[in-house]
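Engineer:
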Amino acid sequence: ALMTAARPAFKNVGLTTWKHGFGRYIVAIWGDEGIDMPLTLPDGCDNSNCKFVFEGQEKWLQKEVNERHLRNWQKIDRFVDAVSSMPKNVDQATDEWIQCNSNGLVSPMMGDQEGEEKTSAVIAPKRFDVVGDVALIHSVADNHTKVEMEEIGKAIMKRNKGIKVVAIRSSVLSGAERSPGEDGLTIIAGMQRAPLVTSHMEHGIKCVVDLNHTFFSTRMGPERVRICQQVARGENVLALFCGVGMDAMQIVSRTEATVLAVELNPIAAECARRGKRMLERNKAVRCAGAAERLKIVEGDALEVMSTLETESFDRILAPRPKEGNMDGDLGTGDGGAEFLRAMLPLLKNQGECHWYDFAADWEVPQCDRTAKGIKSVCEELGYQMEVIHVAKVGSIAKRQLRICLDFRVLK
435 ALMTAARPAF KNVGLTTWKH GFGRYIVAIW GDEGIDMPLT LPDGCDNSNC KFVFEGQEKW
495 LQKEVNERHL RNWQKIDRFV DAVSSMPKNV DQATDEWIQC NSNGLVSPMM GDQEGEEKTS
555 AVIAPKRFDV VGDVALIHSV ADNHTKVEME EIGKAIMKRN KGIKVVAIRS SVLSGAERSP
615 GEDGLTIIAG MQRAPLVTSH MEHGIKCVVD LNHTFFSTRM GPERVRICQQ VARGENVLAL
675 FCGVGMDAMQ IVSRTEATVL AVELNPIAAE CARRGKRMLE RNKAVRCAGA AERLKIVEGD
735 ALEVMSTLET ESFDRILAPR PKEGNMDGDL GTGDGGAEFL RAMLPLLKNQ GECHWYDFAA
795 DWEVPQCDRT AKGIKSVCEE LGYQMEVIHV AKVGSIAKRQ LRICLDFRVL K
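For the sequence shown, our numbering assigns the number 435 to the initial residue and increments by one for each residue that follows.
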């Protein structure tokens with residue numbers, strides 16, 4: 435409760451218990467509104483003759499110092515008010531009090547002027563995805579009015595000046611594209627965009643994202659870096675289900691590999707092509723000729739793979755989309771066996787595949803069900819396989835995870 439009372443006023447807050455017993459606390463606040471600058475020149479001065487850096491600007495310096503003192507006192511006053519409203523016993527503070535006094539508090543039309551009507555406060559969500567200049571909220575309470583929703587959006591934009599639009603996903607991800615759809619996003623703050631398109635930067639590489647009609651997750655960023663670290667110089671890589679192309683663009687910009695990216699969704703494929711054009715002018719690219727080493731093909735993955743030469747790829751990325759109830763530990767599908775049968779012949783001997791699947795938390799880290807499915811298809815084709823690594827990529831639902839099983843094919 436004490437931390438909650440202090441944090442809205444101060445940036446740096448610490449808390450420790452009093453040595454004489456339970457229920458006594460010290461709040462330590464430091465680093466706010468400080469000023470750190472030299473007042474004299476470091477060279478050519480002694481105790482009798484030191485030149486004052488701000489000579490002739492004493493009034494300006496006095497103003498700067500006094501302004502910081504004033505702001506600190508204002509923060510202390512806000513902290514005192516918050517402490518005054520605390521329960522007598524801070525250890526018995528309820529979750530409701532803590533929630534209502536936390537950083538997420540947004541008070542629309544608080545009635546600063548006399549006679550102005552006050553409204554109840556609404557809580558802005560602390561967790562949301564930021565894609566480009568768009569804040570994407572995945573869920574919010576249904577009992578908010580339109581005005582309250584607008585205030586939530588404005589509060590998020592105020593918290594992050596780089597956010598120009600705040601949207602709420604109002605539908606589940608569906609279809610092969612795993613996208614919200616035309617009416618699946620509701621903009622609650624910022625300029626209206628239809629469709630909601632933005633450019634997102636990740637480690638210096640930009641991609642174009644149509645949030646209405648494509649699937650893109652910023653939470654996959656660490657996974658993309660992990661994959662890039664495994665790609666060797668001169669490799670030929672096949673990136674299936676590439677979406678807006680961020681995976682493929684990260685590989686060609688960080689390594690000297692050649693990438694063939696395949697995507698069925700025409701809108702996502704166009705986003706990938708636009709990202710490739712931006713890649714040509716991007717100075718953050720580490721390896722020259724990145725755009726020339728990337729080829730984007732629009733079409734069904736199974737149909738495209740049937741036209742490719744066997745044993746022509748050193749590495750395959752297969753972040754296949756979830757097929758509803760067909761996937762997971764209780765799924766009734768074949769675990770993507772159809773895709774495995776089509777892509778494994780394309781791998782060279784000892785080629786590696788990054789196969790994305792969906793598993794329950796109790797299956798991790800072994801993921802025996804996924805490994806057995808891959809091994810079954812390999813044996814059917816006369817190959818052997820060995821598991822290299824199993825990575826937990828993200829969460830898709832309660833106790834349901836997206837995993838990546840890296841394996842090597844021996845022919």
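Glycine is no exception: its CB is placed at the ideal position from the N, C-alpha and C atoms.
Once the 5 residues before and after Glu548 are set aside, which same chain residues still bring their CB inside 6 Å of it?
Structural biologist: Interpretation of Glu548 is limited by its pLDDT of 35, a score under 50 that renders its predicted location unreliable; no figure is taken from the coordinates.
Engineer: Check whether the Cβ of Ala752 lies closer than 7 Å to any Cβ atom in chain D.
Structural biologist: The chain inventory of the structure shown lacks chain D, comprising one protein chain alone.
Engineer: By alpha-carbon positions, which one of Arg561, Ile602, Ser746 ends up nearest to Asp617?
Structural biologist: The option with the nearest alpha carbon to Asp617 is Ile602.
Engineer: Could you name each continuous beta strand (DSSP E) segment of 3 residues or more that falls completely within the segment 787–843, going from the start of the chain to the end?
Structural biologist: Whole beta strand (DSSP E) segments, 3+ residues: 818–831.
Engineer: In angstroms with no decimal places, state the Cα-to-Cα distance between Tyr847 and Thr620.
Structural biologist: Limits of the chain in this structure are 435 at one end and 845 at the other, which puts residue 847 out of reach.
Engineer: Can you tell me the Cβ-Cβ gap for Leu844 and Asp795, rounded? I've got them flagged as a contact below 8 Å.
Structural biologist: Actually they are not in contact, since the Cβ atoms of Leu844 and Asp795 sit about 31 Å apart, beyond 8 Å.
Engineer: Going by alpha carbons, who is nearest to Lys595 out of Asn577, His572, Gly624, Ile571?
Structural biologist: Closest by alpha carbon: Gly624.
Engineer: Any chance you could list the beta strand (DSSP E) runs of at least 3 consecutive residues sitting entirely within the segment 604–692, in chain order?
Structural biologist: Fully enclosed beta strand (DSSP E) runs of 3 or longer: 619–624, 631–636, 639–644, 670–673.
Engineer: Would you identify the three-state DSSP class for Val514, choosing helix, strand or coil?
Structural biologist: Residue state, collapsed to three classes: helix.
Engineer: Residues in the same chain with beta-carbon distance under 8 Å from Lys710, minus the five sequence neighbours each way, listed in chain order, please.
Structural biologist: Within the same chain, Lys710 has close Cβ partners Gly679, Met683, Ala725, Leu728, Ile730.
Engineer: Can you look up Gly785 in the DSSP assignment and give me helix, strand or coil?
Structural biologist: DSSP places Gly785 in strand when its eight states are reduced to three.
Engineer: List the endpoints of the continuous alpha helix (DSSP H) containing Lys729.
Structural biologist: Where Lys729 is concerned, there is no enclosing alpha helix (DSSP H), although the beta strand (DSSP E) it sits in stretches over 728–732.
Engineer: Taking all protein chains shown into account, do 16 or more other C-beta atoms lie within 10 angstroms of the C-beta of Glu714, making it buried, or fewer, making it exposed?
Structural biologist: With fewer than 16 Cβ atoms within 10 Å of its Cβ, Glu714 is classed as exposed.
Engineer: Please name the residue, chosen from Ala722, Thr648, Ile661, that lies closest to Ala706 on a Cα-to-Cα basis.
Structural biologist: Among Ala722, Thr648, Ile661, the Cα nearest to that of Ala706 belongs to Thr648.
Engineer: Our contact map puts Gly566 next to His634 with C-beta atoms below 8 Å; I'd like the distance itself, whole angstroms only.
Structural biologist: Yes, Gly566 and His634 are in contact; Cβ-Cβ is about 4 Å, under 8 Å.
Engineer: Taking the alpha carbon of Phe650 as the point to measure from, which residue in Pro614, Gln664, Gly638 has its own alpha carbon closest?
Structural biologist: It is Pro614 whose Cα lies nearest to the Cα of Phe650.
Engineer: Could you pull out every residue in the same chain whose Cβ sits closer than 6 Å to the Cβ of Phe675, ignoring the five residues on either side in sequence?
Structural biologist: The residues are Pro753, Arg754.
Engineer: Helix, strand or coil for Phe747 per DSSP?
Structural biologist: Three-state result, Phe747: strand.
Engineer: If I follow the unbroken alpha helix (DSSP H) through Ala771, where does it start and stop?
Structural biologist: Unbroken alpha helix (DSSP H) run through Ala771: 771–777.
Engineer: Taking C-alpha atoms, which residue in Asp802, Cys801, Phe841, Thr804 lies nearest to Met819?
Structural biologist: Of Asp802, Cys801, Phe841, Thr804, the residue nearest in Cα terms is Phe841.
Engineer: Cα separation between Gln626 and Cys641?
Structural biologist: Distance between the alpha carbons of Gln626 and Cys641 is about 21 Å.
Engineer: Less than 6 Å between C-beta atoms, sequence neighbours within five positions excluded: which residues of the same chain meet that for Gly828?
Structural biologist: Once the five neighbours on either side are set aside, the close Cβ partners of Gly828 are Arg653, Arg836.
Engineer: Could you compute how far the alpha carbon of Met583 sits from the alpha carbon of Arg708?
Structural biologist: About 33 Å.
Engineer: Mark Trp399 as exposed unless 16 or more other C-beta atoms lie within 10 angstroms of its C-beta, in which case mark it buried.
Structural biologist: Here the chain covers residues 435 to 845 and nothing more, so residue 399 does not appear.
Engineer: Can you tell which of Val811, Leu742, Ser746, Leu780 has the C-alpha that lies nearest to the C-alpha of Gly769?
Structural biologist: If we check each option's Cα against that of Gly769, Val811 comes out closest.
Engineer: How would you write the range of the alpha helix (DSSP H) that Leu736 sits in, first residue to last?
Structural biologist: Note, Leu736: alpha helix (DSSP H), 735–739.
Engineer: From the DSSP output, read off the bridge partner residues of Val600.
Structural biologist: For Val600, which the question treats as bridged, DSSP gives the partners Ala569, Ala623.
Engineer: With Gly785 and Arg749 assumed to form a contact (beta carbons below 8 Å), what rounded beta-carbon distance in angstroms separates them?
Structural biologist: Sure, about 6 Å apart at Cβ, within 8 Å.
Engineer: DSSP state of Ala703, grouped into three classes?
Structural biologist: If DSSP states are grouped into helix, strand and coil, Ala703 belongs with the helices.
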